[in-house]
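Numbering (our numbering), first residue to last: 1149 to 1852.
Below is one structure, written out as structure tokens; comments come after it.
Structure, rendered in structure tokens:
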């Protein structure tokens, strides 16, 4: 049979389709299909629909003939002939060549037969131009696009213009597409051929709307946007009524200037930062994996950095002049990044870099405000900030600028790095000649990392039973034990409780030798005067001696610094002893305390630290990230309190019997500060009590 007339008309298509369905020669067979005559009106309308919609794909033809109205007219024929085993088998079809069931929509078999028998001439059918829109059958469209971000239809990497057609409406309100760009590009989206109002949106990889077009009526929706390399989504949504649409997507690569250097050596020099904000825009991603900037601070400053305008995941790091990391921000996705740090004067570097394969533009904004030692710079959390040996020693020497940076030690010595002790060592200041009294649970004076740095009373003859120096203490060679019922020269810690090692741990943080083993103390050539206050059990002294008496012993026997990593019941005698130390220019350094019974820091320091409004220094604890320790007592709101913070979380130091261990507490932070004071006094032994307090707080790094 002839399947097509030379001249196309809707009537001829209807006739041909009817003949096709009833012909013995069709793969379906006469026994399965009934002759349809005269041609149903729906077939004529089908031809007109095909003509006006002007489809050119087999799938579109399939969509048209699944129209409910059309199926109703030939429903018995299709059910009884094509699909005898079940009604509308959704996962099966008659294969057009074999008549067997196959995996796909069952109508595909019918369409395959129609197209094959029409002999590939469907294009001729689709351009007749006879019908009007009013005659068209509204097709029930196949939904090619996904309806959520996770099911979005993937357009792949845009390397050429792409066009897709689909439908949105009451039953399919949203169509999502996803695509990727490998380079920064100018993206153009066009939504045309609408039959009802529809809108279009461009979304980033996190689903955030970047650009949108919300036109009215049947007018086309268009947008043009410069976008970075990365992953994106398009959302087409119904805005009233059912609509077909044609979506065109085009991307043209844009050249991106790289103004920032790609290494430390080639970092973009942005000069000295001041209080005015500075902003820089650039791109990071494919072909540009790192952007480096260099800047200087002429004074101690409260530095802030913001990285904004991201369309993909990028991160930022802050380094000192030696390339050592001092700050970083790793926010997820396209979230903005920020770093806020109090920095000493000097040179610093910033690195902006993408996460994984991300590509994005960014805006880098920098600001640096001068830090001054005034009440306004006092924090009720950090006091005057993180103790800073590099600047404190420089000020002790009368220098206007901080000591130069040196390489970090790293590892378990992170506390030394945080307080910048190695910077002082590099200038030759190690605490040599400075005596630090440790009033605590006793000190293992025989520890391999401490024995060479234990104070010796040279005016006393060992073990002769005589008070040779006339100080009231017999044979006090290395210090004294003030424990009630003891009162002797045995300064070694007890062994019946782990807490007995507390004083040895404190002593190591101050003065452990720089001998290549174990740990190194902040002031590793200072001398430890061991003063024991009795036995310890469960973190408390069982037979606590007289603290005021111990303070006076330290002052009278040559201590320059007194470390008190302890809390004590207040008394007028203690206050008087602290005043006595201050009057002799002996610096008392006291732990602020470890909070309440639940380990939560109190809003005020304990005793004797609370007397740092007049005497000595109060010390709180921070962790490796410079965050306040949960247990650390805060300084309160009185800026007269000379309060600083230092490393106090998982600090590694000496423990009895030539061992080492980690411990946390303001007790661990306090010896860091005592060690820094020893470095200051090594640099300038003539500093007064008032000068040490002022320099220590002025030089500390402010923390927010």
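Built from N, CA and C at the ideal position, the CB exists for glycine as well.
Just so we're clear, the structure is a prediction, and the values are computed from it rather than from any experiment.
Range covered by the beta strand (DSSP E) that runs through residue i
i: residue 1349; result: 1346–1352
i: residue 1510; result: 1508–1518
i: residue 1780; result: First-last for residue 1780: undefined, no H or E at that position.
i: residue 1627; result: 1627–1629
i: residue 1499; result: 1494–1502
i: residue 1361; result: 1357–1361
i: residue 1301; result: 1301–1305
i: residue 1369; result: 1369–1375
i: residue 1608; result: That residue, residue 1608, is in no beta strand (DSSP E); it is neither H nor E in DSSP.
i: residue 1489; result: 1485–1491
i: residue 1475; result: 1473–1477
i: residue 1792; result: 1791–1795
Top-ranked residue by Cα proximity to residue i, from the options
i: residue 1310; options: 1758, 1793, 1399, 1459; result: 1399
i: residue 1380; options: 1675, 1642, 1303; result: 1303
i: residue 1436; options: 1501, 1649, 1827; result: 1501
i: residue 1661; options: 1650, 1649, 1674; result: 1674
i: residue 1764; options: 1462, 1810, 1771, 1699; result: 1699
i: residue 1770; options: 1512, 1793, 1738; result: 1793
i: residue 1504; options: 1363, 1378, 1803, 1773; result: 1378
i: residue 1460; options: 1434, 1451, 1452; result: 1434
i: residue 1301; options: 1809, 1745, 1383, 1514; result: 1383
i: residue 1738; options: 1339, 1607, 1712, 1692; result: 1712
i: residue 1696; options: 1708, 1686, 1364, 1724; result: 1724
i: residue 1628; options: 1797, 1589, 1656; result: 1589
i: residue 1835; options: 1585, 1731, 1749; result: 1731
i: residue 1446; options: 1432, 1423, 1305; result: 1423
i: residue 1347; options: 1369, 1307, 1407, 1563; result: 1369
i: residue 1385; options: 1808, 1363, 1833, 1693; result: 1363
i: residue 1340; options: 1291, 1397, 1325; result: 1397
i: residue 1845; options: 1456, 1534, 1327; result: 1534
Under 8 Å between C-beta atoms of residue i and residue j
i: residue 1622; j: residue 1613; result: yes
i: residue 1753; j: residue 1726; result: no
i: residue 1688; j: residue 1529; result: no
i: residue 1639; j: residue 1591; result: yes
i: residue 1569; j: residue 1823; result: yes
i: residue 1317; j: residue 1345; result: no
i: residue 1527; j: residue 1851; result: yes
i: residue 1497; j: residue 1428; result: no
i: residue 1602; j: residue 1819; result: no
i: residue 1748; j: residue 1813; result: no
i: residue 1432; j: residue 1479; result: no
i: residue 1492; j: residue 1536; result: yes
i: residue 1477; j: residue 1486; result: yes
i: residue 1343; j: residue 1392; result: yes
i: residue 1761; j: residue 1786; result: yes
i: residue 1325; j: residue 1293; result: yes
Rounded distance between the beta-carbons of residue j and residue i, thought under 8 Å
i: residue 1426; j: residue 1495; result: Not confirmed; about 16 Å, so no contact.
i: residue 1681; j: residue 1583; result: Between residue 1583 and residue 1681 the Cβ distance is about 18 Å, and since that is not below 8 Å, they are no contact.
i: residue 1619; j: residue 1705; result: 6 Å
i: residue 1642; j: residue 1683; result: 5 Å
i: residue 1331; j: residue 1401; result: 5 Å
i: residue 1517; j: residue 1450; result: 5 Å
i: residue 1395; j: residue 1312; result: 5 Å
i: residue 1791; j: residue 1740; result: 7 Å
i: residue 1541; j: residue 1831; result: 5 Å
i: residue 1315; j: residue 1406; result: The Cβ separation is near 44 Å, so there is no contact.
i: residue 1510; j: residue 1458; result: 6 Å
i: residue 1625; j: residue 1646; result: Not really, about 27 Å apart at Cβ, beyond 8 Å.
Terminal residues of the alpha helix (DSSP H) in which residue i lies
i: residue 1842; result: 1837–1847
i: residue 1820; result: 1814–1831
i: residue 1723; result: 1720–1731
i: residue 1139; result: Outside the shown range of the chain (1149 to 1852) lies residue 1139, about which nothing can therefore be said.
i: residue 1379; result: Careful: residue 1379 lies outside any alpha helix (DSSP H), inside the beta strand (DSSP E) at 1378–1386.
i: residue 1700; result: 1695–1704
i: residue 1543; result: 1537–1544
i: residue 1569; result: 1569–1574
i: residue 1563; result: 1562–1566
Contact with chain B by residue i, beta-carbon distance below 8 Å
i: residue 1838; result: Although the question refers to chain B, the structure presented lacks it and comprises just one protein chain.
Check your understanding: Would the segment 1539–1556 and the segment 1469–1488 be scored as touching if the rule is three or more Cβ pairs under 8 Å?
Key -> At 8 Å Cβ cutoff, the stretches touch.
**Study point:** Validate contact between the segment 1769–1780 and the segment 1573–1589 using beta carbons, cut 8 Å, 3 pairs
**Key:** no
Check your understanding: Is there contact between the segment 1413–1426 and the segment 1350–1361, where contact requires at least three CB pairs shorter than 8 Å?
Key -> no
Check your understanding: If you pair each beta-carbon of the segment 1592–1607 with each one of the segment 1795–1809, do three or more pairs fall below 8 Å?
Key -> yes
Practice item. Taking 8 Å as the threshold, find out whether the segment 1664–1671 comes into contact with the segment 1717–1737 through three or more Cβ pairs. Key: no
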